[in-house]
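Trainee: Just dropping this structure here.
Numbering (full-length UniProt numbering), first residue to last: 1 to 178.
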């Protein structure tokens with residue numbers, strides 16, 4: 001598969017509500033169409049995609065977005081978050097992000113929002129502020145607030161086999177995750 005297929009699917013074939021709403025049908029479709037691509041990206045076999053800013057973005061989308069659908073509720077969901085973040089950081093450092101439009105940069109920045117690092121969350125907020133989308137910035141603020149409070153996302157605890165503190169359990173009663 002070529003990176004263009006990932007970009008076309010994510011930005012032309014799907015609607016925004018499909019990307020962020022839990023849907024077993026959408027999860028199945030992603031697994032059917034992109035599971036082999038996910039594993040190839042995870043193994044580093046698609047590194048040539050990085051020669052193009054949108055190719056690098058395709059890698060990030062596969063690791064950061066597709067994984068959240070394909071492996072919902074499984075530890076594999078988060079297995080390559082660090083790689084997605086490193087790819088996004090390199091895109092910014094190299095100036096490749098400047099070759100992406102605002103909608104594409106939104107997904108380039110998502111690994112920052114998904115990070116459980118307080119330092120990375122500060123950077124997430126800075127990046128999403130510059131996009132100028134108040135709704136997306138609001139989500140970034142909510143994510144940062146959770147990581148600032150707990151040092152992690154409590155909703156991942158069960159999936160990752162982590163023990164939840166009492167404060168996290170209380171929080172999860174009123175906040176049902178993303």
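Backbone N, C-alpha and C fix where the C-beta goes; we use that ideal spot for every residue, glycine too.
Residue 91 and residue 56 - do their beta-carbons sit closer together than 7 Å?
Mentor: It is a contact, given that the beta carbons lie within the stated cut-off.
Trainee: Take the Cβ of residue 108 as the centre, count every other Cβ of all protein chains shown within 10 Å, and call the residue buried at 16 or more, exposed below.
Mentor: Buried: at least 16 other Cβ atoms inside 10 Å.
Trainee: Report the residue ranges of all alpha helix (DSSP H) runs contained in full by the stretch 68-145; include only those spanning at least 4 residues, in chain order.
Mentor: Runs found: 81-94, 102-114, 118-131.
Trainee: Report yes if the CB atom of residue 85 is closer than 7 Å to the CB atom of residue 115, and no otherwise.
Mentor: Yes, the pair counts as a contact, with Cβ atoms nearer than the cut-off.
Trainee: Residue ranges of each alpha helix (DSSP H) run of no fewer than 4 residues wholly in the stretch 22-68, ordered along the chain?
Mentor: You should have 24-42, 53-60.
Trainee: With a CB to CB cut of under 6 Å and the five nearest residues on each side skipped, what residues in its chain are close to residue 52?
Mentor: Closer than 6 Å at the Cβ level, and outside the excluded window around residue 52, lies no residue.
Trainee: Give the secondary structure of residue 1 by DSSP, where H, G and I count as helix, E and B as strand, and everything else as coil.
Mentor: The answer is coil: DSSP assigns residue 1 none of H, G, I, E or B.
Trainee: Could you tell me the distance, in whole angstroms, from the CA atom of residue 10 to the CA atom of residue 19?
Mentor: Approximately 8 Å between the Cα atoms of the pair.
Trainee: Between residue 110 and residue 148, is the Cβ-Cβ spacing less than 7 Å?
Mentor: Cβ distance not < 7 Å, so residue 110 and residue 148 don't count as in contact.
Trainee: Check each candidate in 105, 124, 172, 96 and name the one with the smallest Cα separation from residue 50.
Mentor: With distances taken between Cα atoms, residue 50 lies closest to 96.
Trainee: Taking residue 61 as the reference, give the member of 152, 102, 38, 72 with the closest Cα.
Mentor: Nearest option by C-alpha distance: 38.
Trainee: Closest to residue 101 by CA distance: which of 133, 125, 71 is it?
Mentor: Ranking the options by Cα distance to residue 101, first place goes to 133.
Trainee: Let's see if you can read the secondary structure: which residues bound the alpha helix (DSSP H) around residue 167?
Mentor: Residues 166-174.
Trainee: Alpha carbon to alpha carbon, how far is residue 163 from residue 69? Give it in angstroms, no decimals.
Mentor: Approximately 24 Å between the Cα atoms of the pair.
Trainee: Please state the DSSP three-state secondary structure of residue 156.
Mentor: Three-state result, residue 156: helix.
Trainee: Cβ of residue 100 within 6 Å of any heavy atom in the ligand FMN?
Mentor: Annotation note on the ligand FMN: not contained in the displayed structure, which lists no ligands.
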